[in-house]
Ligand SMILES: C[S@@+](CC[C@H](N)C(=O)[O-])C[C@H]1O[C@@H](n2cnc3c(N)ncnc32)[C@H](O)[C@@H]1O
């Protein structure tokens, strides 16, 4: 009798727990770099340097609160995709997207930027770390079409010489096109 009661309570407990764990996807691995937002004037300069238009698809790798794809859509009518490994950032970006009214142009993906397919991008924006930029070069060159524009806030790509750089209120932004050599 005791055993039946135990089995029954276990089954009830399992039934209660199962739906909520199914709704909560397992967190991806921890971020390679913490969230620090790019100031809005730097975002504007990055998109201007890349000459973004309404034909572009702008991928922000590590998109934080979503400000870069949302600005690309709002200011230039571009399509935007933001990729962030941290679900909290995706929630914030989704809230900001709703407030911006740009839902038809922008989407956010809770994924690891090193494994997401980025081949549809025509512009890629980065605010990561020097080591992560270097690690990304083979992926950028392998997946992106020749001529795709890449803009990085604050960090270069080692020996890969940028086509141009710009100082925005004391912050440097770097511009390359694919292939990055
Ligand atoms: C310095 S913040 C830049 C945010 C935004 N791009 C901006 O410029 O305002 C870096 C972001 O990258 C995300 N991140 C770190 N490692 C990642 C990874 N492997 N895949 C996707 N996102 C990652 C962090 O969660 C964080 O939101």
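In the working numbering, the protein residues as written are 73 to 253. The beta-carbon is built from N, C-alpha and C at its ideal position, and this holds for glycine as well. Here the structure is a predicted model, which means the values were calculated and not measured.
Endpoints, the beta strand (DSSP E) within which residue i is located
i	result
residue 116	Careful: residue 116 lies outside any beta strand (DSSP E), inside the alpha helix (DSSP H) at 112-121.
residue 249	243-249
residue 239	236-240
residue 285	Residue 285 lies beyond the residue range present for the chain, which begins at 73 and ends at 253; the question has no answer from this structure.
residue 179	178-181
CA nearest to the CA of residue i, picked from the options
i	options	result
residue 202	127, 128, 183 and 229	229
residue 196	226, 249, 103 and 239	249
residue 176	144, 182, 105 and 186	144
residue 179	233, 169 and 146	169
residue 206	160, 103 and 233	233
residue 119	245, 104 and 252	245
residue 125	199, 149, 102 and 192	149
residue 146	158, 134 and 171	171
residue 194	117, 104, 138 and 132	132
residue 113	105, 140, 128 and 136	140
residue 127	213, 160, 237 and 192	192
residue 107	181, 209, 138 and 190	138
Per DSSP, the bridge partner or partners of residue i
i	result
residue 196	131 and 222
Ligand 1 heavy atom lying under 8 Å from the CB of residue i
i	result
residue 166	no
residue 163	no
residue 139	yes
residue 34	Outside the shown range of the chain, which is 73 to 253, sits residue 34, and nothing can be said about it.
residue 133	yes
residue 155	yes
residue 212	no
residue 174	no
residue 235	no
residue 197	yes
residue 228	no
Residue range of the unbroken alpha helix (DSSP H) whose run includes residue i
i	result
residue 172	159-172
residue 211	202-215
residue 140	139-148
Proximity test, Cβ basis, 9 Å: residue i and chain C
i	result
residue 218	No chain C is part of this structure, which consists of one protein chain only.
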